[in-house]
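>
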Amino acid sequence: MSGHLHRDDFGSRLGMWLFLVTEMVLFGGLFIAYSYMRYRYPGEFHHGGSELNVTLGVINTVVLLTSSLTVVLAIVAVQRAEKRRAMTFLGTTLVLGLTFLVIKSFEWGAKFHHGLYPNSPHLATLPPGEQVFFGLYFTMTGLHGLHVVAGLSVLGVMLWWVATDRIRQDRYIHLENGGLYWHLVDVIWIFLLPLFYLAA
Amino acid sequence: MSEHVEQASEHAAEHPGYGTFIKVWVALVVLTGCLVGMSLVSQTYAVWGLLTLTPLKAGLVFYFFMHLRYEGPLFKVVVLVTLGTLLIFFALLFSDVAFR
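Chains as they are written, first to last, in our numbering: chain P, 1 to 200; chain B, 1001 to 1100.
1. Looking at the secondary structure, which residues open and close the alpha helix (DSSP H) in which residue 1094 of chain B lies?
2. So with Cβ pairs under 8 Å, would you call residue 1080 of chain B a contact of chain P?
3. In this structure, how does DSSP classify residue 171 of chain P when only helix, strand and coil are distinguished?
4. Is it right to say residue 1140 of chain B is buried, meaning 16 or more other beta carbons lie within 10 angstroms of its own, or is it exposed?
5. Answer with buried or exposed for residue 164 of chain P, where buried requires no fewer than 16 other C-beta atoms within 10 angstroms of its C-beta.
6. Would you please verify whether the beta carbon of residue 1036 of chain B is less than 8 Å from any beta carbon of chain P?
7. For residue 1038 of chain B, I'd like the list of residues in its chain whose CB is within less than 8 Å of its CB, leaving aside the five on either flank, ordered along the chain.
8. How far does the alpha helix (DSSP H) with residue 1036 of chain B in it reach, from first residue to last?
9. Quick check: the region 76-95 of chain P against the region 119-138 of chain P, are there 3 or more CB pairs under 8 Å?
10. Determine, using beta carbons only, whether residue 1058 of chain B comes closer than 8 Å to chain P.
11. Can you list the residues of chain B that residue 24 of chain P reaches, using a CB-CB cut of under 9 Å?
12. For residue 164 of chain P, does the three-state DSSP call read helix, strand or coil?
Right, here's the structure in full:
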């Protein structure tokens, strides 16, 4: 690309991808832990999974998939110098990301209401397999939730930069990298949905 | 929208248009529907859905939304080596579990 500008978009993207693979390994370790525990406690995982709200899980999946779409559309808009459209797409992503967190908080709230939260007295009375199930559920969806918060913060800055022309048609690597992070957060949720809500 | 796509057609290899990504999103939503449908049939179907449709969905996001399709071989190798490493750990764990 424009080499005389003293920048290396390829290197930036490669750096981002290297960071993303560390994230994949982080969650991959948890997925492997989940697989073993599910193999060991199939009945308890089935019972635990039946207590989760499938409808909310599926709605959140569609919300995140759509938010991924709007990020990638924002990049197309920036490539075409359609600033207003790019801002609308990014704004939509932020709203969808917040929607995801609100739905998630309702879901967690309902679990807390039923005495299901890490280290709760009620959880301690459940069979070991169910304790493991909810332990993994709160760890994995919680860690994912933190990633959503981080992604939203990054994309909020990206929206600001598009508004102030720091991100524009000839210079949008930051938006691309922010988008890559958001998509990975989406991919992780794609796996969490069947693991906890559908196939447990 | 189609005129935009045509306008950008000379850069199509570099920059895909809105339409491509919207189609991928439709595919992702349909696959999610299939996954939910399979999980309603039986536990076995749910697990098969998890093992087949979920990696397919993740692949679509990686390939299109994350632009892997438009990147050179290096990025693809980085991702494949990572997934391969995870798979090896997975296999090692279960080969241990299986012979206890």
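Yeah, the Cβ is synthetic: ideal placement off N, Cα and C, and Gly gets one too.
Well, looking at it:
1. 1073-1098
2. no
3. strand
4. Outside the displayed range of chain B (1001 to 1100) lies residue 1140 of chain B, so it cannot be described from this structure.
5. exposed
6. yes
7. 1045, 1046, 1048, 1049, 1053
8. 1018-1041
9. no
10. yes
11. 1079, 1082, 1083, 1086
12. coil
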